[in-house]
Every structure is written in structure tokens, then in C-alpha cells.
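Numbering (full-length UniProt numbering), first residue to last: 1 to 832. Ideal placement from N, C-alpha and C gives every residue a C-beta, glycine not left out. These figures come from a predicted structure and were not determined experimentally. Below: the structure, in C-alpha cells.
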């Protein structure tokens with residue numbers, strides 16, 4: 001085994017483990033990646049953030065990919081002389097820690113912080129270029145204090161409020177479940193049937209920002225954010241222009257408003273549908289229908305929203321025994337309760353136009369309800385085909401709208417509705433307010449006291465943080481139908497901050513998405529204890545230049561972070577309105593074509609791979625597998641091949657370092673190798689800027705081959721061009737494989753880290769290609785080779801090829817059918 005003598009590696013053979021031991025100790029001592037906050041530092045600033053890690057265990061293959069990608073970006077800017085802020089932290093609240101505490105009869109903090117320390121050691125081993133002085137954990141009271149402070153600022157501005165809302169409820173676990181935790185109507189954790197239940201919950205009024213969340217996407221277009229992510233956000237927000245139409249219900253004093261994007265089809269409305277779980281359905285149900293409705297409602301409560309909206313499920317419903325009046329035709333329409341309408345969309349009720357909406361048509365055909373065509377699209381009658389005609393077409397059977405196109409008809413009918421006082425034009429959003437209440441322990445306590453005299457009373461700022469009690473653990477945290485915090489009577493019972501009378505704390509905790517909606521701001525001043533962040537430093541560093549993470553966060557996390565930024569901007573706390581200038585989404589690391597899974601037996605242990613091949617080889621393999629956004633199939637890549645390459649690169653740097661000293665003038669060296677080196681610099685720089693890291697690695701591999709050839713069969717290791725190539729290899733590899741790069745740089749005689757400020761500029765004179773070889777083919781066979789300028793035009797190249805005597809010998813007497821030109825390297829003359 002290679003020995004480590006002090007901090008020197010004594011072997012000339014690449015030994016991954018020895019280099020890791022040496023350079024981890026060196027980086028720990030030197031801390032080379034500190035960001036400088038001083039305004040006197042005039043270097044260009046760059047803020048690079050990798051999405052939070054969750055401390056559920058040691059690092060896995062997904063971490064290996066995303067943090068390698070973020071590290072390349074940060075190291076590139078370090079190399080270019082920038083003042084880089086590249087911090088690290090942990091998203092350390094959440095349900096997994098609570099479940100672990102219940103299993104282990106412990107406090108969630110014990111599991112959480114033990115895992116954080118394990119991951120921190122692995123991050124250090126992985127060689128990522130972070131500023132460890134910026135480290136934060138969202139479960140620290142010093143952090144969640146500011147969650148509470150911001151909640152109170154939102155509460156003051158009516159952006160935080162409580163209301164009754166329908167939630168997914170697991171009767172077995174006695175807890176609220178997110179939609180993604182409901183699988184085929186059952187609890188993902190225990191398999192019990194999930195029901196819909198109304199609970200009084202806290203919300204953030206994100207819908208107040210719906211228009212800005214859409215309109216400000218202009219700042220993110222043009223390649224800054226992936227088009228796919230922008231489309232997903234637009235669809236999630238779902239801005240729709242249409243009309244609110246008021247329907248009179250027989251026997252009800254107040255009309256029921258219904259939002260529709262197609263008010264022009266009102267003449268085709270033949271029945272009315274209310275969400276089965278909406279309070280309106282319960283109110284409207286006639287006494288003779290009560291038993292049937294209650295049974296149906298209990299059945300619907302077992303379905304998730306995703307299942308209810310599935311187009312593949314048969315439509316179900318129950319007649320409520322009531323009628324409404326169509327405001328334009330005066331016809332009586334039956335009122336039904338159904339599962340395909342959701343209580344929290346619009347007003348929880350729709351007008352059904354079955355001829356032109358497939359879900360309405362399926363329902364109408366199931367229950368033998370009328371189908372009336374009011375838009376002529378040239379397609380067959382939906383009542384006969386079972387296929388709704390959803391096109392624009394021309395209005396028919398619609399009184400004053402007959403003969404009009406869609407846009408003109410919508411404008412006309414909105415005018416009619418407004419004139420009659422039965423509706424008006426409006427904008428609706430699919431986006432719902434953010435439900436942030438969680439009936440769990442391991443999260444940020446909501447800083448509200450409930451007083452029988454004063455109502456909802458904010459906890460005063462000087463009493464923050466409201467800390468989690470430290471005397472609950474294990475069975476105390478098991479779900480009991482209410483938040484575990486409710487069982488901590490000493491914690492719950494307090495004096496009202498307003499009247500000093502007896503009161504109780506709110507026992508819900510915040511959604512962990514709150515923690516991750518602003519952490520990038522806290523990184524700028526993580527030790528500050530007088531404010532959540534330093535406005536001056538945030539404006540100096542922000543917004544984040546490069547944000548790296550998975551596209552599974554395309555909607556919720558990214559949308560919430562954008563909402564927080566805009567709300568904080570409106571409060572005068574930050575000077576920008578979008579948090580992340582550029583977003584890069586990495587693919588998944590899979591194995592044998594499938595996601596890694598213990599049950600499939602295709603899991604790959606990151607630690608074992610590193611032990612076998614070394615950190616550098618694992619990182620290089622990840623980054624060389626393809627563009628960052630593509631999936632990496634570990635079965636198709638070869639860390640062993642990466643290790644062989646690293647041995648070759650290390651040997652080139654070691655030989656060059658032994659043969660010459662730093663500062664040698666490269667201009668006297670082999671010109672062909674110098675040209676290869678500078679062309680490599682140019683190509684790698686372009687590839688990194690385009691985030692095509694695999695292409696950059698391929699180019700440095702070519703340079704290693706060229707340098708080794710010069711050493712073995714050319715001018716030799718002492719040639720100044722070889723040293724120049726070796727130094728460029730070390731600097732470039734520092735982005736991808738930091739251990740071998742640092743050692744190679746030192747072997748080349750340099751002091752200080754290779755990672756800081758050593759990027760080379762390509763010499764324009766060495767980028768000029770004096771001539772390239774163009775192959776001239778006749779009938780797809782090579783007949784001549786021409787030396788031509790690299791920037792030759794297709795027209796000039798075709799002229800030269802046709803003038804070639806060698807080519808003419810094979811063209812003579814034949815007809816030229818086509819000439820294919822691929823300037824500057826190929827001309828193919830097709831004859832017949």
C-alpha cells in the first residue's frame with residue numbers, strides 16, 4: 001500500500017485511498033473554499049446552491065450525482081477567480097425522523113443529528129467545495145425561530161390564516177396524509193383505507209401571488225430554467241379566463257356561483273353537479289335522498305383527489321332531489337352530487353355541458369341525462385358516438401350566439417350575463433392556497449396562542465423561538481388523532497400574551513416546505529441572531545446564480561420558494577423577486593434500467609463503490625455518463641475504466657513534474673502539442689459553460705493521450721509543452737476529480753490549491769487551424785484529399801472538388817446527379 005508520510009504521498013503510483021487521506025486533512029486545515037462577504041472584495045460573485053439533503057441515512061447514489069454536478073459548477077467559478085458562495089445544510093425536520101423515534105423509543109433529534117454527522121463526514125470525503133462555516137440545520141431552534149418570525153409577518157398581512165379544509169385522513173395512523181402518500185385509496189405507510197375529513201388548518205395565501213408567479217416566469221425563460229419545469233409550473237397554477245355564472249337553486253335564497261372557461265356553451269348546460277364532499281351538496285340534499293347521499297358520500301371519502309379525477313374510472317353520482325335554473329334558457333336542470341368534481345376547485349360546483357366535455361358526457365350517458373350540441377365542430381353527434389366534441393367550432397342552438405365563433409361568443413355571453421346581473425367575466429386559478437398545518441411533532445411549532453377571550457394571538461417576537469418540548473419521545477409521538485404536541489400539557493397551557501388569561505398553544509407544526517422556501521437566504525448570514533438574514537448580504541449574493549437539484553421539486557418546492565421571495569420582497573426584506581436565476585435538474589441514478597430498490601435487488605451502495613474505486617473514479621463516472629439531465633444507469637458505466645484513466649493522467653502529471661520546473665516558458669515547446677492543449681482549453685471552457693460536463697471530460701481525456709504520446713514518442717517529458725499540457729490537465733481535472741488534481745498540481749511543483757484561480761485562457765494564435773483535410777468521394781469512394789481553410793464555404797469547396805483531376809477521372813462520361821458538401825471535411829459526388 002502507498003504510504004502517507006506526514007502529508008506527503010511517497011509513491012508515484014496513483015493510490016486513491018492515500019490521496020483521499022492526505023488531501024482531506026489538508027482541506028480541513030486550509031479551508032480553501034471560504035466565501036468573502038466584504039464589499040471591498042471586488043472579485044465577481046457567484047452563488048451556487050445544491051438542493052438540501054435530507055438526513056435519512058448515509059449518502060446514496062443520487063447524492064453522488066447531484067453534488068458532483070453542483071461541485072463542478074462551483075469549482076469552475078473558483079477557477080475563474082470568482083468569489084464563490086457554495087454552502088451546505090440539512091433539511092432536517094420531517095416525518096421519517098418522527099417514525100424512527102417511535103420505532104426506537106427515542107427523540108427525533110437523536111436520529112436526525114446522528115445521520116447529519118454521518119452525511120457530513122461523507123460529504124467531506126466526497127471532496128465537495130463547500131464553505132463549511134455556512135452550515136445549517138433547519139431543526140435547530142436558531143433556524144426555526146425565523147420560520148416562526150416570518151409566519152407572524154405573513155399573519156400580520158393576512159397571508160397566513162385558518163379555515164376548515166378537506167384532507168386525506170388515515171384512521172389507523174390518525175394523521176393527515178399528502179396526496180402522494182395515498183396509493184390506490186390506501187395509506188402508503190399502513191395500508192388502511194384513507195378517508196376525506198374536514199379539519200381546521202393553517203394556510204398561506206399563495207393564491208394572492210398567482211398572477212405574479214405566472215408573469216414573472218419571463219425572468220426565467222431563455223434557457224435559465226428548463227422549459228419542462230416552466231410548463232409544469234404554469235399548468236400547476238392554471239390561470240383560466242372565463243366567467244362566474246350565478247345559478248338560482250329552487251328553495252335556496254342565495255344563488256350558487258359556477259366558474260366556467262366556456263360560458264359560450266351555457267345553452268348546452270343540461271344538468272348541474274356539486275362535489276359530493278362539498279358542504280353545498282350536504283345542504284342541498286333533499287330529505288328523501290338523504291340515506292342514498294350519505295352512503296355515497298362515505299364512499300367518495302375513501303378516494304384520493306387523483307383517483308377521483310382519473311378519466312378511466314366509471315362516473316358515479318347521486319341525484320340530490322333539487323333543481324337549478326339555467327340563467328340563459330330558463331330550463332330546470334337536475335342537481336347531482338358526483339365524485340369527479342372537487343370541493344376545492346372553483347366553487348365546488350359545475351354546470352354540465354355533456355356534448356362538449358368528456359367527463360360530463362360520460363356522466364350523462366351513465367345516468368340518461370340530456371345531451372345538447374351547441375358548438376358545431378363538424379364532428380358526429382356525441383350522444384351517438386360517446387365522444388365529446390371539445391373544439392371551438394361555430395355556435396348553434398344558442399339563440400343570440402348562433403353563428404358566432406368561440407371568442408366572439410364568449411365576449412357576447414359575458415355581456416348578456418352582466419347586463420342581467422347573473423354573472424361576470426373573471427379569472428380563475430387551479431392553484432390552491434398552501435396548506436401548511438401538520439399534526440406532527442418534528443417540525444416548526446406554529447407561533448399562535450388560542451385564547452377564549454382574545455382569539456388567535458401571535459406569540460411576541462421576543463418570545464421566539466417557541467421551542468419543541470424535549471420530554472416527548474417514542475410512544476409519546478405515536479399518532480392519536482391530534483398532534484403529539486397536544487399531549488405535552490406543560491407546553492400547551494400558557495398565559496395569553498394579550499390578556500394574561502389562560503390559553504393554549506397551537507399544536508400543529510409547519511410543513512417542512514416552509515423550511516426550504518428561504519434557506520438560501522439564511523446561508524448568506526447563518527450565524528445572525530437579530531434577523532432571519534442580513535438584507536445587505538442577501539442583495540449582494542442573491543439571487544442564487546445556479547440552483548441544482550431534482551425535477552421532482554418542479555412544482556411545490558420551487559413554487560413555494562418563489563412565493564416566499566415575492567412576499568419577502570413586498571415586505572422590503574429582499575431586493576429581488578425571483579430566487580434562482582438558473583436551474584439545473586439532474587437525472588436519476590438507476591441500475592439495470594430501473595430505479596434502485598432493495599426489493600428489486602438492484603441497489604448500489606455508494607460507500608462500497610468509493611471503497612473499491614475511490615472518490616475520483618466514482619465522481620468521474622457519474623459526470624462522464626451523459627448530460628446532467630439524463631439518467632445514469634450504473635449497469636452501463638465503468639468506474640474501473642475511470643480508474644484506469646486517472647492512473648494515466650496521474651502518471652503524465654508526475655512525469656512532467658519530475659522533468660521540469662514551474663515557470664518554464666511553454667512557447668519553446670512542441671507546437672502541435674501546444675495547439676492541442678489550447679484547443680482543449682477552448683473546447684472545455686465552452687462545454688462547461690454549456691453544462692456539458694461529459695464533453696469536457698472527453699476533451700481532457702484526449703489531451704492526456706496527446707501528452708502521453710509526446711512523452712513516449714515525441715520530445716519527451718522535459719518538453720515545456722508537456723508541462724503546459726500537464727498543468728491544464730490538473731486544472732481541468734480539479735473540477736471533476738479533486739484528489740488526483742491536487743496531487744498532480746503539487747507534483748508539478750506548485751504550492752497552494754489547484755482549485756483556486758488557475759483557469760487558463762486559450763491563446764487565439766494556437767486555435768487557428770491553418771488547413772484541414774477534405775475527403776473527396778465519387779460514388780461514395782475516396783478519390784482525392786484536399787488541404788483547405790477550415791472556414792471555407794460550401795460553394796467554394798464544391799468548386800474545388802469538382803475541379804480535382806483525380807475526381808474528374810472517375811466522373812468523366814457520367815452524369816453528376818447530386819453533390820453533397822459537408823464543409824470543410826467532406827464532398828461526395830453522386831454520379832449515375
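- One Cα belongs to residue 569, the other to residue 562, and the distance between them is close to 11 Å.
- Under a 10 Å Cβ-count criterion, residue 241 is classified as exposed, with fewer than 16 other Cβ atoms of the shown protein chains found around its own Cβ.
- Boundaries of the alpha helix (DSSP H) harbouring residue 406: 406-420, taken from the DSSP string.
- According to DSSP, residue 456 shares a beta bridge with 450.
- If only complete runs of 4 or more residues are kept, the segment 201-231 shows the alpha helix (DSSP H) at 210-215, in order along the chain.
- Measuring C-alpha to C-alpha distances from residue 508 to each of 531, 365 and 442 identifies 442 as the nearest.
- With a 10 Å radius around the Cβ and a threshold of 16 neighbouring Cβ atoms, residue 485 comes out buried.
- If only complete runs of 4 or more residues are kept, the segment 56-120 shows the alpha helix (DSSP H) at 61-79 and 95-104, in order along the chain.
- Shortest Cα-Cα distance from residue 201 to any of 679, 422, 118 and 433 involves 433.
- DSSP places residue 424 in the strand class (E or B) of the three-state scheme.
- In this structure, the alpha-carbon of residue 653 lies about 19 Å from that of residue 667.
- Taking all protein chains in view, the Cβ of residue 627 is surrounded by fewer than 16 other Cβ atoms within 10 Å, so the residue is classified as exposed.
- Between residue 36 and residue 135, the alpha-carbon positions lie close to 15 Å from each other.
- Among the bridge pairs identified by DSSP, residue 494 is matched with 503.
- Per DSSP, the beta bridge partners of residue 547 are 49 and 583.
- Non-local C-beta neighbours of residue 479 in its own chain, meaning closer than 7 Å and more than five positions away in sequence, comprise 173, 174 and 175, ordered along the chain.
- The three-state reading of DSSP puts residue 777 in strand, counting E and B together.
- With a contact defined as Cβ atoms closer than 8 Å, residue 461 and residue 302 miss out at about 44 Å.
- When C-alpha distances from residue 683 are compared across 373, 20, 113 and 760, the shortest belongs to 760.
- For residue 744, the enclosing alpha helix (DSSP H) stretches over residues 738-747.
- The beta strand (DSSP E) runs lying completely inside the segment 267-308 and spanning 3 residues or more are 271-275, given in chain order.
- A Cβ-Cβ separation of about 17 Å leaves residue 739 out of contact with residue 59 under the 8 Å criterion.
- For residue 169, the uninterrupted beta strand (DSSP E) run begins and ends at 160-170, by DSSP.
- In this structure, the beta-carbon distance from residue 564 to residue 517 falls below 8 Å.
- Sequence-distant partners of residue 72 (beyond 5 residues in either direction) whose C-beta falls short of 8 Å from its own C-beta, in its chain, are 623, 688, 693, 735 and 736.
- The beta-bridge partner set that DSSP reports for residue 323 consists of 334.
- In this structure, the straight-line span from the alpha carbon of residue 584 to that of residue 547 is close to 6 Å.
- Beta-bridge annotation (DSSP): residue 243 is paired with 260 and 425.
- Residue environment: residue 721 is assigned as buried (16 or more neighbouring CB atoms within 10 Å of its CB, all protein chains considered).
- Taking 4 residues as the minimum length, the alpha helix (DSSP H) runs contained wholly in the segment 347-372 are 358-367, in order along the chain.
- Membership of residue 177 in the beta strand (DSSP E) is indicated by the continuous run 175-177.
- In this structure residue 755 touches residue 32 by the C-beta definition: roughly 6 Å separates them, less than 8 Å.
- Spatial neighbours of residue 538 in its own chain (CB-CB distance under 6 Å, excluding positions within 5 residues in sequence) are listed in chain order as 521, 524 and 574.
- If you check the CB distance, residue 361 and residue 374 do not come in under 8 Å.
- Residue range 141-156 is occupied by the alpha helix (DSSP H) that includes residue 147.
- Apart from the 5 residues on each side of it in sequence, residue 467 sits with its Cβ closer than 8 Å to the Cβ of 141 and 445 in its chain, given in chain order.
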